[in-house]
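Student: Right, I'll just put the structure down here and ask away after.
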Amino acid sequence: MLPVLFKIGPLTIHTYGFLLAVGVLSAMLLGLKLGKENNINTKDLSDLIFFSILIGLLGAKIYLFFTEFGYYTKNPARIKDLLTQAGAFYGGLIFGLLFALWFIRKKKMDFKKIGDIASPALALGHFFGRMGCFAAGCCFGRDAHGCSIGIVFPDLSQETGVPIGKLLFPTQLMEAILNLMNFVVLLFLYKKHRTFNGKIFAIYIFNYSLIRFFVEYFRGDSDRGYVFGGMETPFLSLSIPQLISIAGILISVFLYLKFRREMDKEDQ
Numbered sequence: 000m001l002p003v004l005f006k007i008g009p010l011t012i013h014t015y016g017f018l019l020a021v022g023v024l025s026a027m028l029l030g031l032k033l034g035k036e037n038n039i040n041t042k043d044l045s046d047l048i049f050f051s052i053l054i055g056l057l058g059a060k061i062y063l064f065f066t067e068f069g070y071y072t073k074n075p076a077r078i079k080d081l082l083t084q085a086g087a088f089y090g091g092l093i094f095g096l097l098f099a100l101w102f103i104r105k106k107k108m109d110f111k112k113i114g115d116i117a118s119p120a121l122a123l124g125h126f127f128g129r130m131g132c133f134a135a136g137c138c139f140g141r142d143a144h145g146c147s148i149g150i151v152f153p154d155l156s157q158e159t160g161v162p163i164g165k166l167l168f169p170t171q172l173m174e175a176i177l178n179l180m181n182f183v184v185l186l187f188l189y190k191k192h193r194t195f196n197g198k199i200f201a202i203y204i205f206n207y208s209l210i211r212f213f214v215e216y217f218r219g220d221s222d223r224g225y226v227f228g229g230m231e232t233p234f235l236s237l238s239i240p241q242l243i244s245i246a247g248i249l250i251s252v253f254l255y256l257k258f259r260r261e262m263d264k265e266d267q
C-alpha cells in the first residue's frame, strides 16, 4: 500500500524497514522496563535482547530461504533480496529462542522470568512488523471473492508477488490486530495475574499459535509450503506454518502444566 515512506535525495526510507525498526525498538524498551521492575541485571538482559533479535532476524532469512528453496534455485539473482527482507517469523522465533536458551543457561538467568518478560514485548514488536508487511504488500491474502473486508493493492512497483487490482483478504492487518490484542492480554496478565513464573510465556506461545493457524487459512502466498493439500483447497489443507502452530499449541500446554506443577512443589 505504501512501500516507500519517503525519499530525501538519494536516501530512500522503506515503510517496512521503518516499521520493523520501530517494532524492534519498542520490544527492546518494553523488555528492559519489565526486566528492571524484576531486578534483572540490565547488562545481561540488554545483551540477551539485542543478540536474540539479531540472530532471530538471521534465522528468519534462513528459514525463508529453505522454505522457498525451489524459487531461489530457479531465480538465484533474487537471493540478494533476502538482505532487505525480514524473513519468516517462525524462523526468527525458533532461532532467537535457541540462542536465548543458550545465553540464559550461560549467564545462569531464570528462563521462566525472562520468557514472561519477552512475551508481551514480542507480541508488540510483531504488531509493527505485520503493519510493515501490509505497507510492503508481502504476506498477502488469497482472493476475497467480494467479501466486504477485502482490500485491493495498487500498482506501486512492489516485488512481493501480491496480485495487483484484485480483492484480497487483509491477512497482514488481521494478524497485526490479533498480535496487538495478544500484547494487551499478555501485559494485563503479566501485571495482574502472573501466579507463577513461565505462565505468560506459555500463554504467548499458545495464543500466537492459534493466531497463526487461523490466519494461514486466508493467506494467498502459496510458497510457504504445504504438508498436504494446497492453495486450491485452503480449508482442507495444512501448511507448514500450521503444522508448526499445532506443535506450538501442544508445547505451550505442556509448559504451562510443567511450570505450574513446579510452583506447587515449591509451595509445599
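Under numbering that gives the first Met the number 0, think of the first position of the sequence shown as 0, with each following residue one higher. Even for Gly, the Cβ is constructed at its ideal location relative to N, Cα and C.
1. Which stretch, first to last residue, makes up the beta strand (DSSP E) that contains H13?
2. Could you check whether Y62 and A87 sit closer than 9 angstroms to each other, using their CB atoms as the reference points?
3. Identify which residue in M230, I204, S238 has its Cα closest to the Cα of L254.
4. Alpha carbon to alpha carbon, how far is A201 from L249? Give it in angstroms, no decimals.
5. Does the contact criterion of 3 or more C-beta pairs under 8 angstroms hold for the region 159-169 versus the region 103-120?
6. Excluding the five sequence neighbours on either side, which residues of its own chain have a C-beta within less than 7 angstroms of the C-beta of T170, listed in chain order?
7. Taking the continuous beta strand (DSSP E) assigned at L235, which residues delimit it?
8. If I follow the unbroken beta strand (DSSP E) through F110, where does it start and stop?
9. Taking the alpha carbon of L256 as the reference point, which residue from F127, L18, G197 has its own alpha carbon closest?
10. Taking F152 as part of the beta strand (DSSP E), name the residues at either end of that continuous run.
11. Are P119 and L177 touching if we call contact CB-CB under 9 angstroms?
12. So what does K6 bridge to, in DSSP terms?
13. Is the number of C-beta pairs between the region 226-239 and the region 146-156 that are closer than 8 angstroms three or more?
14. Would A99 pass as a contact of L53 if the rule is Cβ separation under 9 angstroms?
15. In whole angstroms, what separates the C-alpha of I93 from that of N74?
16. Between G55 and the rest of its own chain, which residues show a CB-CB distance below 6 angstroms, the 5 nearest in sequence each way excluded?
17. Who are R218's beta bridge partners in DSSP?
18. Does DSSP classify V23 as helix, strand or coil?
19. Helix, strand or coil for I163 per DSSP?
20. For F227, which beta-bridge partners are listed by DSSP?
21. Mapping DSSP to helix, strand and coil, what is K257?
22. For the candidate residues S221, D263, L28, N206, whose alpha-carbon lies nearest to that of V252?
23. Can you tell me whether DSSP reads F168 as helix, strand or coil?
24. Could you check the C-alpha separation between A175 and F126 for me, to the nearest Å?
25. Using a 10 Å radius around the Cβ and a threshold of 16 neighbouring Cβ atoms, would you call P355 buried or exposed?
Tutor: So, from the data block:
1. 10-13
2. yes
3. I204
4. 10 angstroms
5. no
6. C138, F139, G140, V214, F217, R218
7. Here L235 belongs to no beta strand (DSSP E), and DSSP marks it neither H nor E.
8. First-last for F110: 110-135, but that is the alpha helix (DSSP H), not the beta strand (DSSP E).
9. G197
10. That residue, F152, is in no beta strand (DSSP E); it is neither H nor E in DSSP.
11. no
12. Residue pairing by DSSP places K6 opposite T11 in a beta bridge.
13. no
14. no
15. 27 angstroms
16. G91, F94, G95
17. BP columns for R218 point to G140.
18. helix
19. strand
20. L237
21. helix
22. N206
23. coil
24. 5 angstroms
25. The question about residue 355 has no answer, for the chain in this structure spans 0 to 267.
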